Amino acid sequence: MKHDQLLALEAIVSTGTFRGAAERLHKSQSAISHTIRQLEEELELELFSRAAYRPSLTPEGEIFYREALRVLRQMQGLRTTAARLRAREEPELTIAVSATMDLDPLLPVLADTGRCHPATHLRLRMEMMGGPIARLMEGQADIVLASLEGVPLEDVEAEPVAEVTIRPVASPSLNLSDGSRAISALEMQSHVQVIAAGTGGAAYEQSRDLLPGGFKWTVSDLSAKKKVILAGLGWGGLPDHMTEEERRSGALVSLNLETFPVRRTMIFKMRRKDQPPGVVADELWSKIGTADTA
240 MKHDQLLALE AIVSTGTFRG AAERLHKSQS AISHTIRQLE EELELELFSR
290 AAYRPSLTPE GEIFYREALR VLRQMQGLRT TAARLRAREE PELTIAVSAT
340 MDLDPLLPVL ADTGRCHPAT HLRLRMEMMG GPIARLMEGQ ADIVLASLEG
390 VPLEDVEAEP VAEVTIRPVA SPSLNLSDGS RAISALEMQS HVQVIAAGTG
440 GAAYEQSRDL LPGGFKWTVS DLSAKKKVIL AGLGWGGLPD HMTEEERRSG
490 ALVSLNLETF PVRRTMIFKM RRKDQPPGVV ADELWSKIGT ADTA
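Per the numbering used here, the very first residue in the sequence shown carries number 240; after that it's consecutive.
#1: Should Val551 be labelled buried (16 or more other beta-carbon atoms within 10 Å of its own) or exposed?
#2: With distances taken Cα to Cα, identify the nearest neighbour of Ile405 among Glu262, Asp341, Arg487.
#3: Give me the residue from Ala261, Arg510, Leu477 with the minimum Cα distance to Phe499.
#4: Between which two residues does the alpha helix (DSSP H) containing Ser525 stretch?
#5: Gln432 lies in the beta strand (DSSP E); which residues open and close that run?
#6: Quick check: is the beta carbon of Val403 nearer than 8 Å to any beta carbon in chain B?
#7: Mind reading off the beta-carbon distance from Leu494 to Ile422? Whole number of angstroms is fine, and I expect it under 8 Å.
#8: Just verifying my parser: in three-state terms, what is the DSSP assignment at Pro411?
#9: Are the beta-carbon atoms of Gly308 and Glu249 separated by less than 8 Å?
#10: Can at least three beta-carbon pairs, one atom from the region 328 to 340 and one from the region 354 to 374, be found at a separation below 8 Å?
#11: Around the C-beta of Ser386, are 16 or more other C-beta atoms found within 10 angstroms, so that it is buried, or is it exposed?
#12: Curious, which full-length beta strand (DSSP E) runs of at least 3 residues does the region 312 to 358 contain?
#13: Alpha carbon to alpha carbon, how far is Val467 from Val390? Give it in angstroms, no decimals.
#14: If we call anything under 8 Å between Cβ atoms a contact, is Gly453 one with Ser410?
#15: Could you name each continuous alpha helix (DSSP H) segment of 4 residues or more that falls completely within the region 240 to 305, going from the start of the chain to the end?
#16: Strictly by DSSP, which residues pair up with Glu402?
#17: Less than 8 Å between the CB atoms is what I'm expecting for Met367 and Ala338, so what's the real figure, rounded?
#18: Can you tell me which of the three DSSP states Arg510 falls into?
#19: What three-state label does DSSP hand Met367 in the structure shown?
#20: Could you pull the DSSP bridge partners for Ala397 from this structure?
#21: By a C-beta neighbour count over all protein chains shown, 10 Å radius and 16 as the cutoff for buried, is Thr457 buried or exposed?
#22: Ordered along the chain, which non-local residues of its own chain (more than five positions away) have a Cβ less than 7 Å from that of Arg503?
#23: Suppose contacts are defined by Cβ-Cβ distances below 8 Å. Is Ser288 in contact with Thr297 by that definition?
#24: Indicate the three-state DSSP secondary structure (helix, strand or coil) for Phe438 in the structure shown.
#25: Count the other C-beta atoms from every protein chain shown that fall within 10 angstroms of the C-beta of Pro515, then say buried if there are 16 or more, exposed otherwise.
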């Protein structure tokens with residue numbers, strides 16, 4: 240039994256076809272078929288039923304597949320351990336962070352990492368919506384801080400580190416409700432909703448809290464969104480940490496909307512399971528979200 244045989248088995252099950260497995264593993268379909276046939280002959284078991292168009296696991300194949308996944312995870316763990324043992328400091332490290340998150344707790348961690356590893360070039364990317372997970376899965380970020388929406392949990396390691404509260408706000412010049420009465424979606428349709436464009440691309444596109452049927456303006460980031468809302472040109476959801484001072488002074492008011500409740504979202508630190516972290520990335524990971532920096 241060989242590692243590539245187990246990989247082929249996992250790829251067929253996860254993609255649903257021999258062709259899909261071939262594309263994932265960058266091999267020909269005939270090579271995948273031959274690999275599985277060799278494995279079945281070695282085991283003296285039929286792992287797949289080929290009666291239908293799509294291959295399906297036999298009862299024996301189901302049991303073997305579960306054990307094969309366990310072995311693959313163990314082998315990946317061994318590779319990760321070996322990579323850590325031989326690792327040196329990375330020349331560059333990229334952290335992609337959801338733009339809704341307050342950066343203040345993260346900055347001391349980055350400062351400490353910079354002092355301890357001055358030769359490592361730190362890159363900090365602020366991303367919108369599905370942007371952080373897109374950067375991670377596309378290999379453009381080593382660690383991301385974002386919500387779990389749209390995250391392939393089987394492929395990432397994730398730990399909670401913070402919570403972000405998003406609430407709808409507007410300038411008092413719009414003369415919207417003071418919060419004592421919930422405003423209906425129909426009432427809000429005559430006001431412009433300001434939204435920030437996602438940076439995740441089509442594969443990781445996300446949309447939430449969009450008012451159906453209303454007018455919309457799209458901006459590139461939360462800073463622009465806040466300025467547009469402060470100017471009285473529309474309303475929208477912003478993180479509490481970005482509007483605390485303005486809500487206190489009255490420059491912005493919270494809105495009580497039927498279709499846009501205050502939303503609390505947990506932020507997770509995430510990294511890919513199949514990419515062994517370097518020395519600096521592993522140290523940074525351990526510091527993010529600790530008692531002193533959360």
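Where a beta carbon is used, it is the ideal one built from N, C-alpha and C, also for glycine. Computed from a predicted model, the values in this text were never measured in an experiment.
In brief:
#1: Missing from the structure shown is residue 551; the chain here goes from 240 to 533 and no further.
#2: As a working mapping, residue 405 is identified with position 166 in the sequence shown. Of Glu262, Asp341, Arg487, the residue nearest in Cα terms is Asp341.
#3: Counted from its first residue, the sequence shown places residue 499 at position 260. Taking only the C-alpha atoms, the option nearest Phe499 is Leu477.
#4: Translated into the one-based positions of the sequence shown, residue 525 becomes position 286. Element bounds for Ser525: 518 to 526.
#5: Indexing the sequence shown from 1 puts residue 432 at position 193. Per DSSP, Gln432 belongs to the beta strand (DSSP E) from 432 to 435.
#6: Absent from the structure is chain B; it holds one protein chain and no more.
#7: Within the sequence shown, the letter at position 255 stands for residue 494. Within the sequence shown, the letter at position 183 stands for residue 422. The Cβ separation is near 7 Å, so the contact holds.
#8: As a working mapping, residue 411 is identified with position 172 in the sequence shown. In the structure shown, Pro411 sits in a helix (DSSP, three-state: H, G or I).
#9: Position 69 of the sequence shown, counting from 1, holds the residue named residue 308. Position 10 of the sequence shown, counting from 1, holds the residue named residue 249. This sequence places Leu at residue 308; Gly is not what is there. Going by C-beta atoms, Leu308 is nearer than 8 Å to Glu249.
#10: yes
#11: On the sequence shown, residue 386 is found 147 positions in, with the first residue counted as 1. So Ser386 counts as buried.
#12: 331 to 337
#13: As a working mapping, residue 390 is identified with position 151 in the sequence shown. As a working mapping, residue 467 is identified with position 228 in the sequence shown. Near 31 Å, if we compare the C-alpha coordinates of Val467 and Val390.
#14: Position 214 of the sequence shown, counted from the start, is the residue given in the question as residue 453. Position 171 of the sequence shown, counted from the start, is the residue given in the question as residue 410. Taking 8 Å as the Cβ cut-off, Gly453 and Ser410 do not qualify as a contacting pair.
#15: Taking only runs of at least 4 residues, the alpha helix (DSSP H) segments lying wholly in the region 240 to 305 are 242 to 254, 257 to 264, 268 to 282.
#16: Here residue 402 corresponds to residue number 163 of the sequence shown, with the count starting at 1. Bridge partners of Glu402: Met505.
#17: Looking up residue 367 in the sequence shown gives position 128. Looking up residue 338 in the sequence shown gives position 99. About 5 Å separates the Cβ atoms of Met367 and Ala338, confirming a contact at the 8 Å cut-off.
#18: Position 271 of the sequence shown, counted from the start, is the residue given in the question as residue 510. Arg510: strand per DSSP, three-state reduction.
#19: Reading the sequence shown from its first residue, position 128 is the one you call residue 367. Three-state result, Met367: coil.
#20: Within the sequence shown, the letter at position 158 stands for residue 397. Answer is Met509, bridged to Ala397.
#21: The residue you call residue 457 lines up with position 218 of the sequence shown. It counts as exposed.
#22: Here residue 503 refers to the residue found at position 264 when the sequence shown is read from its first residue. Cβ neighbours of Arg503 beyond the five flanking positions: Glu402, Thr404.
#23: One-based indexing of the sequence shown puts residue 288 at position 49. One-based indexing of the sequence shown puts residue 297 at position 58. Yes.
#24: For this step, residue 438 is matched to residue 199 along the sequence shown. Sequence check: residue 438 is Thr here, not Phe. In the structure shown, Thr438 sits in coil (DSSP, three-state: anything other than H, G, I, E or B).
#25: The residue labelled residue 515 in the question sits at position 276 within the sequence shown. The residue in question, Pro515, is buried, as its Cβ has 16 or more Cβ neighbours within 10 Å.
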